[in-house]
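A.B. asks:
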Amino acid sequence: MRPVVAATASLRAAHPARRRLVASILATPSHASHSSPSQTSRLPRTASRCFSSTHPRRVDERKWSTPLAKQLYEAISTTGSVPVASYMRMCLTGDLGGYYTGAVGQGRDQFGTKGDFVTSPEISQIFGELLGIWFIAEWISQGRPSKGVQLIEVGPGRGTLMDDMLRTIQRFPAMANSIENVFMVEASRELRETQKKLLCGPDAPSSESNAGCHSPSKYGSIPIVWTESIKSIPIESDKTPFIVAHEFFDALPIHIFQSAPVTPKLSPSTPSSPSTQSESSSSSPPMEWREMMVSIAPPNTTQSQHNDEPPPEFQLVLSTSTTRHSRYLPESSPRYRRLKDISTPHGALIEICPDASLYAADFAARIGGSPAHPKARPAGAALILDYGTADTVPVNSLRGIRAHRLVSPFSAPGLVDLSADVDFHAIAEAATQASDGVEVHGPVSQADFLELMGIRERAEALTKAPGVTPEKKSDIEKAWKRLVDRGPNGMGKVYKVLAILPENDGRRRPVGFGGDVTEA
Numbered sequence: 001m002r003p004v005v006a007a008t009a010s011l012r013a014a015h016p017a018r019r020r021l022v023a024s025i026l027a028t029p030s031h032a033s034h035s036s037p038s039q040t041s042r043l044p045r046t047a048s049r050c051f052s053s054t055h056p057r058r059v060d061e062r063k064w065s066t067p068l069a070k071q072l073y074e075a076i077s078t079t080g081s082v083p084v085a086s087y088m089r090m091c092l093t094g095d096l097g098g099y100y101t102g103a104v105g106q107g108r109d110q111f112g113t114k115g116d117f118v119t120s121p122e123i124s125q126i127f128g129e130l131l132g133i134w135f136i137a138e139w140i141s142q143g144r145p146s147k148g149v150q151l152i153e154v155g156p157g158r159g160t161l162m163d164d165m166l167r168t169i170q171r172f173p174a175m176a177n178s179i180e181n182v183f184m185v186e187a188s189r190e191l192r193e194t195q196k197k198l199l200c201g202p203d204a205p206s207s208e209s210n211a212g213c214h215s216p217s218k219y220g221s222i223p224i225v226w227t228e229s230i231k232s233i234p235i236e237s238d239k240t241p242f243i244v245a246h247e248f249f250d251a252l253p254i255h256i257f258q259s260a261p262v263t264p265k266l267s268p269s270t271p272s273s274p275s276t277q278s279e280s281s282s283s284s285p286p287m288e289w290r291e292m293m294v295s296i297a298p299p300n301t302t303q304s305q306h307n308d309e310p311p312p313e314f315q316l317v318l319s320t321s322t323t324r325h326s327r328y329l330p331e332s333s334p335r336y337r338r339l340k341d342i343s344t345p346h347g348a349l350i351e352i353c354p355d356a357s358l359y360a361a362d363f364a365a366r367i368g369g370s371p372a373h374p375k376a377r378p379a380g381a382a383l384i385l386d387y388g389t390a391d392t393v394p395v396n397s398l399r400g401i402r403a404h405r406l407v408s409p410f411s412a413p414g415l416v417d418l419s420a421d422v423d424f425h426a427i428a429e430a431a432t433q434a435s436d437g438v439e440v441h442g443p444v445s446q447a448d449f450l451e452l453m454g455i456r457e458r459a460e461a462l463t464k465a466p467g468v469t470p471e472k473k474s475d476i477e478k479a480w481k482r483l484v485d486r487g488p489n490g491m492g493k494v495y496k497v498l499a500i501l502p503e504n505d506g507r508r509r510p511v512g513f514g515g516d517v518t519e520a
C-alpha cells in the first residue's frame, strides 16, 4: 500500500508554466451565464432527527406525502426497520419517484434558482474552466499522450461542469485530439437528456452499444457515452483515464452505527455461585456496534422545521442487537474499532459509506492497475471535490435539502435531496489499498485549490472583457469570491479537494496541491 501524500501547507506563487496555462483561457469571453451567486449551495448542516422507537398507530389511515413514502411504509411494515443506506438509495434513485430518477420527470429541476440547491459549476463558469486546466496540467505532466485519453465524470448533474471543461480543453488541440471518449456516469434518464442537449445539441444523432448511449459532442465531435454505472466502462491497461467527481460522494448511501453494551446473557445461578450479572457490574461491560435504522414515525407527533413542510414520516431507531452490517463494516478499519470502546453516555456514533470506498477503489484500479487489472505503466488522474471531513469519521451529518433550505431527511421522500459528509480519509485509504500504483494528494480546501489554480486572475480577465456591464462585473466578483469564501460555512472552507495520481514516491505534487506544471 502506498502512503497518502499530504498537501503542502505553504501556498507558493504561481509558477510560470501554470501562469501560461491560466493565461491561455484569460482571453476567453464569459460563457452562458450561470446561476446567481446568491443561491443556496448544499452546505453541510444537519437536519434534526427523531430517535424515538415508539411504534406508529393507525398508520394505514395516514395520508402519505409521496407515493414513495407509502411504498417505504409498506416495505418497513412488512420487513421491519431498514438501514439508512437502503432508505437513502430508495429516496434518491428508487424506481417510484426517486429524487434523481423521478423528480425531473415530474416537471421539477433540482438545480438552480427554481430547484433545491446550486453547485459550484452553476455558480461560475470559472470553476469548470479551472478543473479543465487541472486535467490539462496532468496530461502535460504525464507525457502528453496522443491517444487513449478518457474523460469520465460521475454524477454529472446538468452537464455544466463537463461543458466548461471541454470548452477549455478545446484551446489545447493536442489534448483535445487525444480524447477517445467522454463517459458520463448518470443514473437519471431525465438528466442524461439534459446533459445531451447541452453537450451535443438537441438534434445530435445517438446510437446504442453495450457501453451505453453514444452521441458526438459539439466540441470537435468528441464522442460522449452515457452509462448508468461506471462498471459498464471497461478497465483497460492502455488507457489514460481522467476522472472527475464533483458533489457525487456526498449523495452515496451511508450506514450509521452506535456502540452499545453487549446485552448480557443471563445464566441460571445457584446458592453457592454468584450471578453473572453481579460479576459484570464491577467492570465496564463489553461493547458492540448496533445499527441506526429507519422506522415509521408515529403520526402527528413530530414537527417539521418549516410550517409549510410536511412533518417527518420516518425516524431513526437503534437496532436492539447487532445487524449483518454492524458486525462487519465498523470492524473493517482500525479507525472505527478504536472508537467502539470509548466511554460516552450514549456510545460512539459513526457513519460509514461502503459505496464511496468501492468507487475510490475503482478509480485507483483504472489509474494504477490492480491484481485483477494489471497496468504496466500507471496513467491518469482522479479529482474528487466535495464537502466532508479530512481526517475524522463523519457523525450526525445526514441532511435533507429542499428549495434551498434544510429540512428533515425523513419528510417527503423523493422530493428532498439527501446527502452526508464525505470521509476523505476513508477514500484515500480505499484507493491506496486497492492499487500499489497510485498515491493520494490532499484533501486541501477548495479555496486554496482554486486560488492556486488562478481563479482571481481568471475572474479579473472576465470583468475586463468587452461589453461586460457593471452588473455583470459585480456578478462575476460575487460568484468567484463565494467559491473561495473561508467563513465558518463558506464554500472555500467547507468543500475539499482530493487527487488520486500515478504513484511516484511523492516526487511530484500536482498543481493546486502545492506543485507546479512539469513536463514528463
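Position 361 (the sequence shown) corresponds to 361 in the UniProt record's numbering; numbering is contiguous. Glycine included, C-beta positions come from ideal geometry on N, C-alpha and C.
For residue 399, tell me which candidate among 250, 204, 196, 215 has the shortest Cα-Cα distance.
C.D. replies: It is 250.
A.B. asks: According to the neighbour-count rule (16 or more other Cβ atoms, all chains shown, within 10 Å of its Cβ), is residue 202 buried or exposed?
C.D. replies: Burial call: exposed.
A.B. asks: If you measure between the beta carbons of residue 317 and residue 84, is that distance less than 8 Å?
C.D. replies: No, the Cβ-Cβ distance between residue 317 and residue 84 is not below 8 Å.
A.B. asks: According to DSSP, simplified to helix, strand and coil, what is residue 322?
C.D. replies: In this structure, residue 322 counts as coil in the three-state DSSP scheme.
A.B. asks: Where does residue 24 fall in DSSP's three states?
C.D. replies: Note that residue 24 scores a pLDDT of 49, beneath 50, so its modelled location is shaky and nothing firm can be said.
A.B. asks: Considering only C-alpha positions, which residue in the set 477, 464, 243, 160 is nearest to residue 501?
C.D. replies: Comparing Cα-Cα distances from residue 501 to each of 477, 464, 243, 160, the minimum goes to 243.
A.B. asks: My parser needs the alpha helix (DSSP H) runs of 4 or more residues fully inside the segment 114–151; what are they?
C.D. replies: Correct list: 120–123, 125–141.
A.B. asks: Rounding to the nearest angstrom, what Cα-Cα distance links residue 391 and residue 376 in this structure?
C.D. replies: For residue 391 and residue 376, the distance between alpha carbons rounds to 32 Å.
A.B. asks: For residue 47, does the three-state DSSP call read helix, strand or coil?
C.D. replies: Interpretation of residue 47 is limited by its pLDDT of 41, a score under 50 that renders its predicted location unreliable; no figure is taken from the coordinates.
A.B. asks: Going by beta carbon distance, what residues of the same chain come within less than 7 Å of residue 46, once the five residues before and after it are set aside?
C.D. replies: Note that residue 46 scores 46 on pLDDT, short of 50, meaning its location in the model is unreliable; the coordinates nonetheless yield the value given after this. Taken in chain order, the residues that qualify are 396, 397, 398, 399.
A.B. asks: Using alpha carbons as the reference points, say which of 194, 429, 509 lies closest to residue 335.
C.D. replies: Of the candidates 194, 429, 509, the one whose C-alpha sits nearest the C-alpha of residue 335 is 429.
A.B. asks: Since residue 454 contacts residue 131 with CB under 8 Å, what's their CB separation in whole angstroms?
C.D. replies: Contact doesn't hold; Cβ gap of about 12 Å is too wide.
A.B. asks: Which residue wins for smallest C-alpha separation from residue 212, given the options 183, 219, 195, 204?
C.D. replies: Cα-wise, what sits closest to residue 212 is 183.
A.B. asks: Considering residue 200, what are the terminal residues of the alpha helix (DSSP H) in which it resides?
C.D. replies: Segment 189–200, the alpha helix (DSSP H) holding residue 200.
A.B. asks: Given a cut-off of 8 Å on the beta-carbon distance, is the pair residue 356 and residue 394 in contact?
C.D. replies: Not closer than 8 Å, so no.
A.B. asks: Let's see if you can read the secondary structure: which residues bound the alpha helix (DSSP H) around residue 339?
C.D. replies: Start and end: 334–340.
A.B. asks: Determine which residues share a DSSP beta bridge with residue 523 and list them.
C.D. replies: Residue coverage of the chain in this structure runs from 1 to 520, which leaves residue 523 outside it and unanswerable.
A.B. asks: Would you tell me roughly how many angstroms separate the C-alpha atoms of residue 94 and residue 380, rounded to the nearest one?
C.D. replies: So the alpha carbons of these two residues sit roughly 33 Å apart.
A.B. asks: Name the residue from 138, 81, 62, 258 whose alpha carbon lies nearest to the alpha carbon of residue 315.
C.D. replies: Closest option to residue 315, Cα to Cα, is 81.
A.B. asks: Compute the beta-carbon to beta-carbon distance between residue 409 and residue 62, rounded to the nearest angstrom, for a pair I have assumed lies under 8 Å.
C.D. replies: At roughly 19 Å, the Cβ-Cβ gap does not stay under 8 Å, so residue 409 and residue 62 are not in contact.
A.B. asks: Below 8 Å, can you find three or more Cβ-Cβ pairs linking the segment 227–235 to the segment 321–336?
C.D. replies: No: fewer than three Cβ pairs fall under 8 Å.
A.B. asks: Count the other CB atoms, across all protein chains shown, that sit within 10 Å of the CB of residue 281; report buried if there are 16 or more and exposed otherwise.
C.D. replies: Any reading at residue 281 is ruled out, since the residue's pLDDT is 48, under 50, leaving its predicted position unreliable.
A.B. asks: In the structure shown, what three-state DSSP assignment does residue 245 receive?
C.D. replies: Residue 245: strand per DSSP, three-state reduction.
A.B. asks: May I have the straight-line CA-CA distance separating residue 284 from residue 320, to the nearest angstrom?
C.D. replies: Each residue's alpha carbon lies about 19 Å from the other.
A.B. asks: What residue range does the beta strand (DSSP E) around residue 402 cover?
C.D. replies: Element bounds for residue 402: 399–402.
A.B. asks: Assign residue 315 to one of three DSSP states: helix, strand, or coil.
C.D. replies: In this structure, residue 315 counts as strand in the three-state DSSP scheme.
A.B. asks: Could you tell me which residues DSSP pairs with residue 388 in its beta bridges?
C.D. replies: Residue 388 pairs with 422.
A.B. asks: Report buried or exposed for residue 374, applying the criterion of at least 16 other Cβ atoms within 10 angstroms of its Cβ.
C.D. replies: It is exposed - the Cβ of residue 374 has fewer than 16 other Cβ atoms within 10 Å.
A.B. asks: Quick check on residue 346: buried or exposed, where buried means 16 or more other Cβ atoms within 10 Å of its Cβ?
C.D. replies: By the 10 Å Cβ count, residue 346 comes out exposed.
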